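Visitor: This structure is in structure tokens; I'll ask about it shortly.
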DNA sequence: GAGGTGTGGTAGC
DNA sequence: ATCGCTACCACACCTC
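Residue numbers (the UniProt record's numbering): 1 to 958.
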């Protein structure tokens, strides 16, 4: 068993299945490393007790490629026998961390696996009795059947078939067995051969596989063929030629369902959250000072996706046949995972499929099966929990760091724990894991690299660390990626392509590293070179450090837009999506960032990757939402606004990323701890009475708002209240005046309503801030934001409107199109002045407003006055006129105002135009110019009106 | 010097 | 065809 105990670290080119073990020193003495200690070792005893509880019928698992491997067999087979020979302890009542439901399924699965193994053994012993008639079948049994599922299971396995416990959407089930079927299942199983159980029994009787079509379950009208032709018809009627890009309303759903990176990220975040929550609970129970774990184990599946996907392809010889997981079979799809047989050909993760096929023509491409990955991952983490380490730190869906300190100083114990774990995981998932272990995270990670694939590697010789590290490429160090490697390579090798190893760095001083990579990265890298790493993986020591800090959505594939409306609709959908996630995770966020990928100038319009982003520049802009929120409307509006500020030309947009940060917990669930706290805080009796008052009033048939009657307030008072200038108001067309009036009345009503505790109660999460004002800002639909901003003249004048003038010039034509409902041509001809577009003298340039200059509203008022005057100035005996670019900037600003619901500001700007035109200062040299200005003014009101009507309609429906 | 903002890099398959 | 995500850290640069 300990035949490898004194071997040197194996090389990277090790054979598959080679399980190497490097001797401990220091804490662990190699003389203690023996089997005799096994049984007495308490931690091992515990381990054994947990295993196979409630499992009474245990037989040795089948031989597997993994176990048959000649190099590992001695060690692994021995420990495996030992593992399963342990008597189950039925008295064990210790609670399991994952709850009864999951424990139940865990044991169920375990039992099933063991039964399968028994059957396989019987079969091999009595191969004459059980001809393998189902050897090419992967069979799933649904619902109640006769004979029942257990019997069918047995028959299938005994006759060489594969029995599926779970039917994934992309499962490779060749047959589904069912006696009855619901209409819902008919749809669910439409892509499978659904057959009666008699097919199995009859086939066994006949000792040959019978024609399944004679046993189909569907009645003639639901016959498989009919279904298929139905499907074909449907598919033909759909415009399948059109590529599905981000303009499609269902794009996000479709995209995320199929994005491996999306899955990886969400799984990771979920795991993190789960362990963080558990650590939080644990730390409440015991606040004892924990010591740092002495041993760090790094456990990771070998080519996880490939191994799991291959499970549904029993015909594949995973150890020898090159396989890869990807979408589709060719082209610019990424290879997400490939097995070691494929790696021998030079295939690697992240490579495109067509390149991989060039290197390895017989490479088999398998599909993703995200559900199955998740399922296997769950088993993996359950197993990790089961060995009760000091701490578990999830690195990824298939990978974790484990801290151990309770093991006595027994090398054998650690090796045994690792091997048992590996075997157990293999038995339960059908996939192999590798384990690296050392005394810190850095070294554990490096050990894992050496252990892969399908092996174990330890390093516990601090005195020998230099030797251990010297040939390791820096790229293998955690946190050292392509960029840092490149910079190191350029610095050290002066451009030569040779891999930079740690020994190459020995000449680099700490100061140089800090100078190169900054204080943190530099120091860390320097430490790594000495084998030092103080990363702590114990979440429970400081759970709050691991709490989620942001939520984001990135879409950098399929982004192709032609019109602003498409972009806006997409941003709305993204907002909706992110708000749903905020809700699901129980957060509100106060900060919003939009990051756009813009095609780099000169990069091809269509990059080599189909609908990919190609070479891009990234531009980002963030904004404060005022108070933590997850209001879709607000976030969508802000995103559209941010998009316009960043100002990426629509045709060049290749990626959209939205991040919400400054999160606060805000569970919608009233039973949550957070809400309970807030409810206590909110306990204010008088407010409750008010609610009753309103409700009573409604019952009596009176106004919902007993203290307010809109009719009583005169128009003048209303206008005063909202600081709308009476003259400006009178200058408006009648129709528009009416709308403003209605709007203001509505706002007064809502202002009252907003103060009612009924609404606040629904949002008590925000009461934490003890600020009703902030609550108001969270919900623009209820107009509080407007009131806040408009009712205070000082605020108004201080308002900084983030419009960088030059940026707007590029894209505001599109914005105008959006707002006024006019076509782009219509917008352009709105000002039909004689001045030509080649005219370079724009107001903007003339006044040298500069780049990225931000203006307060007062500045904009003055600018407008100046601009009007400027346009009437003479140049070559003609007035300068209004330049298209200036107008773009101006409309962009107006748009921003409207987006932020600053009605008063738009009105005052309209008023300024009127006043300026009437001013005697102007040289009355051209009536066209004046009429242009009046058109612009009309357009402002038009934009406002359009927006108000939209808003009104929106509010009416809600 | 503290704090805000934009950008860049890294990790997992 | 294709599904190039996402959370986090670190840092440069800026303002106050």
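Just so you know, even glycine gets a beta-carbon here, dropped at the ideal spot from N, CA and C.
Since the structure is predicted, the reported quantities are computational estimates derived from the model, not experimental observations.
Going by C-alpha to C-alpha distance, which of 159, 542, 883 and 200 sits closest to residue 176?
Guide: Ranking the options by Cα distance to residue 176, first place goes to 200.
Visitor: Apart from the five residues on each side of it in sequence, which residues of its chain come closer than 6 Å, Cβ to Cβ, to residue 968?
Guide: Any answer about residue 968 is impossible in this case: the structure gives the chain only from 1 up to 958.
Visitor: Could you check where the alpha helix (DSSP H) with residue 441 kicks off and where it finishes?
Guide: Counting along the chain, the alpha helix (DSSP H) containing residue 441 begins and ends at 441-451.
Visitor: Do residue 507 and residue 471 have their C-beta atoms within less than 8 Å of each other?
Guide: For residue 507 and residue 471, no; Cβs fall outside 8 Å.
Visitor: Contact between the stretch 430-446 and the stretch 524-539: three or more CB pairs below 8 Å?
Guide: Judged by Cβ distances under 8 Å, the stretch 430-446 makes contact with the stretch 524-539, as three or more pairs qualify.
Visitor: Who are the Cβ neighbours of residue 769 in its own chain at under 6 Å, not counting the five residues just before and after it?
Guide: Model confidence at residue 769 stands at a pLDDT of 27, short of 50, so the residue's coordinates are unreliable; what they give is reported in the following sentence. No residues qualify anywhere along the chain.
Visitor: What are the uninterrupted segments assigned as beta strand (DSSP E) that are 3 or more residues long and contained completely in the UniProt domain "BRCT" (129-217), given in chain order?
Guide: If we require 3 residues or more, the beta strand (DSSP E) runs fully inside the UniProt domain "BRCT" (129-217) come out as 138-142, 162-164 and 175-178.
Visitor: What residues match up with residue 394 in a beta bridge as DSSP calls it?
Guide: Paired residues: 400.
Visitor: Would you say the stretch 295-309 touches the stretch 569-585, given that touching needs at least three Cβ pairs under 8 Å?
Guide: Cβ pair count under 8 Å is below three, so no.
Visitor: List, from N- to C-terminal side, the alpha helix (DSSP H) runs of 4 residues or more that fit wholly inside the stretch 510-585.
Guide: Listed in chain order, the complete alpha helix (DSSP H) runs (minimum 4 residues) inside the stretch 510-585 are 510-529 and 564-585.
Visitor: Can you give the Cα-Cα distance for residue 164 and residue 314, rounded to whole angstroms?
Guide: Using only the alpha carbons, I get a separation of about 11 Å.
Visitor: At a cut of 8 Å, does the stretch 328-345 reach the stretch 303-319 through at least three beta carbon pairs?
Guide: Yes, the stretch 328-345 touches the stretch 303-319.
Visitor: Would DSSP call residue 297 helix, strand or coil?
Guide: Of the three classes helix, strand and coil, the one that applies to residue 297 here is strand, per DSSP.
Visitor: Measuring CA to CA, which of 545, 269, 321 and 376 is closest to residue 361?
Guide: It is 321 whose Cα lies nearest to the Cα of residue 361.
Visitor: Considering just the uninterrupted stretch of the beta strand (DSSP E) at residue 329, what are its terminal residues?
Guide: It is not in any beta strand (DSSP E) - residue 329 carries neither H nor E in the DSSP assignment.
Visitor: The beta strand (DSSP E) with residue 664 in it runs from where to where?
Guide: 653-665 is the span of the beta strand (DSSP E), which, as asked, contains residue 664.
Visitor: Taking just the CA atoms, how far does residue 378 sit from residue 586?
Guide: Rounded to whole angstroms, residue 586 to residue 378 spans 23 Å at the Cα level.
Visitor: What does the Cβ neighbour count give for residue 939, buried or exposed, with the cut at 16 atoms within 10 Å?
Guide: Answer is buried; the Cβ neighbour count reaches 16.
Visitor: Can you give me the C-alpha to C-alpha distance between residue 621 and residue 646, rounded to a whole angstrom?
Guide: Rounded to the nearest angstrom, the two C-alpha atoms are 7 Å apart.
Visitor: Among residues of its own chain, excluding the 5 on either side of residue 196, which ones have a beta-carbon nearer than 6 Å to its beta-carbon?
Guide: 215 and 217.
Visitor: With DSSP as the reference, label residue 629 as helix, strand or coil.
Guide: Residue state, collapsed to three classes: strand.
Visitor: Just mark residue 129 as buried or exposed, buried being the case when its beta carbon has 16 or more other beta carbons within 10 Å.
Guide: Answer is exposed; the Cβ neighbour count stays below 16.
Visitor: Taking all protein chains shown into account, do 16 or more other C-beta atoms lie within 10 angstroms of the C-beta of residue 429, making it buried, or fewer, making it exposed?
Guide: Its Cβ being crowded by 16 or more others within 10 Å, residue 429 is buried.
Visitor: Taking the alpha carbon of residue 387 as the point to measure from, which residue in 420, 370 and 357 has its own alpha carbon closest?
Guide: Of the candidates 420, 370 and 357, the one whose C-alpha sits nearest the C-alpha of residue 387 is 420.
Visitor: Report the rounded CA-to-CA distance for residue 922 versus residue 929, giving the unit in angstroms.
Guide: Going from the Cα of residue 922 to the Cα of residue 929 covers about 11 Å.
Visitor: With distances taken between CB atoms, is the gap from residue 592 to residue 631 smaller than 8 Å?
Guide: Going by C-beta atoms, residue 592 is not nearer than 8 Å to residue 631.
Visitor: With distances taken Cα to Cα, identify the nearest neighbour of residue 431 among 325, 354, 463 and 301.
Guide: Of 325, 354, 463 and 301, the residue nearest in Cα terms is 301.
Visitor: Which of the three DSSP states is assigned to residue 961 in this structure?
Guide: With the chain represented from 1 up to 958, any question about residue 961 goes unanswered, as that position is not in the structure.
Visitor: Please classify residue 261 as buried or exposed, where buried requires at least 16 neighbouring CB atoms within 10 angstroms.
Guide: Its Cβ having fewer than 16 others within 10 Å, residue 261 is exposed.
Visitor: So what does DSSP say about residue 636, is it helix, strand or coil?
Guide: Correct three-state label for residue 636: helix.
Visitor: Since residue 152 and residue 141 should fall inside the 8 Å C-beta cutoff, what is the C-beta to C-beta distance between them, to a whole number of angstroms?
Guide: With 8 Å as the limit, residue 152 and residue 141 qualify as a contact, their Cβ atoms being about 5 Å apart.
Visitor: How is residue 323 classed by DSSP in three states: helix, strand or coil?
Guide: If DSSP states are grouped into helix, strand and coil, residue 323 belongs with the strands.
Visitor: Pick helix, strand or coil for residue 365, following the three-state DSSP scheme.
Guide: Three-state DSSP puts residue 365 in a strand.
Visitor: Any contact between the stretch 536-551 and the stretch 268-277? By contact I mean 3 or more CB pairs, one from each, below 8 Å.
Guide: Touching, per the Cβ criterion.
Visitor: Within a Cβ cutoff of 7 Å, which residues of the same chain sit near residue 912, ignoring the five residues on either side of it in sequence?
Guide: 861, 864 and 865.
Visitor: Measure the beta-carbon distance from residue 373 to residue 457 and round it to whole angstroms, keeping in mind my assumption that it falls under 8 Å.
Guide: With 8 Å as the limit, residue 373 and residue 457 do not qualify as a contact, their Cβ atoms being about 25 Å apart.
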